[in-house]
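Here this note's numbering is used: the first residue of the sequence shown is 26, the next is one more, and so on.
So the structure is just underneath, and the comments pick up after that.
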Amino acid sequence: MKSMKVCQEKIVRKMKPYFKTEKQCREFVEENIKRKKRNEIVRKERAKRKSYLQEFNYFCTFTYDDKKHTENTFKKKLRTCFRHFTERKKWKYMGVWERAPKTNRLHFHGLFNIPDGTMPGEIIEVKDYDTKAYKMQTS
């Protein structure tokens, strides 16, 4: 609790110039901290309720290879992949992005509801021409 007060005092000090009185500044900061806490509680409750409505049958963790992706391309590609599976194959999922404590490496944990018969089968290697890069690519 002490660290929260220290953070709050630091915020008040930095924001004082934007208010007429210190009292107004403190009230503003306290009100917004309460709002953030309430929003966090509401988000957690909403996620819990959403999870209870589904029967998840898989738990997966996704990481990336530095040679193939950056953090941004990894997030973008994974989101696109999940969006396609939810639209085309009726998958349902919920998950969180997280950083590993020791390596600070980004990864994704997800709960999935994957209907029978919609899991991709074998992986096929396809060679074709990339019109953006103007060269052959393997995917």
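Here a beta-carbon is modelled for each residue, glycine too, at the ideal position from N, C-alpha and C.
Predicted model, so just to flag it, every value in this text is computed and none were measured.
Bridge partners - residue i, DSSP secondary structure assignment
i, result
"K160", "D155"
"Y83", "F137"
"H132", "E123"
For residue i, the nearest candidate out of the options (CA to CA)
i, options, result
"C106", "S76, M144, I58", "M144"
"L131", "K117, E150, K152, K101", "K101"
"D90", "H134, D153, T98", "T98"
"T128", "E147, M40, T88", "T88"
Residue i - containing beta strand (DSSP E), residue span
i, result
"K117", "117 to 124"
Terminal residues of the alpha helix (DSSP H) in which residue i lies
i, result
"E147", "Neither: E147 is in no alpha helix (DSSP H) and is coded neither H nor E."
"E110", "Looking at the sequence provided, one finds Phe at residue 110 rather than Glu. Here the alpha helix (DSSP H) through F110 covers 96 to 113."
Any non-hydrogen atom of the ligand NAP within 6 Å of residue i CB
i, result
"E123", "The ligand NAP is not among the ligands present in this structure, which contains no ligands whatsoever."
How about the stretch 129 to 144 and the stretch 107 to 115: do they share at least three Cβ pairs that are nearer than 8 Å? yes
Any contact of the stretch 37 to 57 with the stretch 71 to 80, i.e. 3+ C-beta pairs under 8 Å? no
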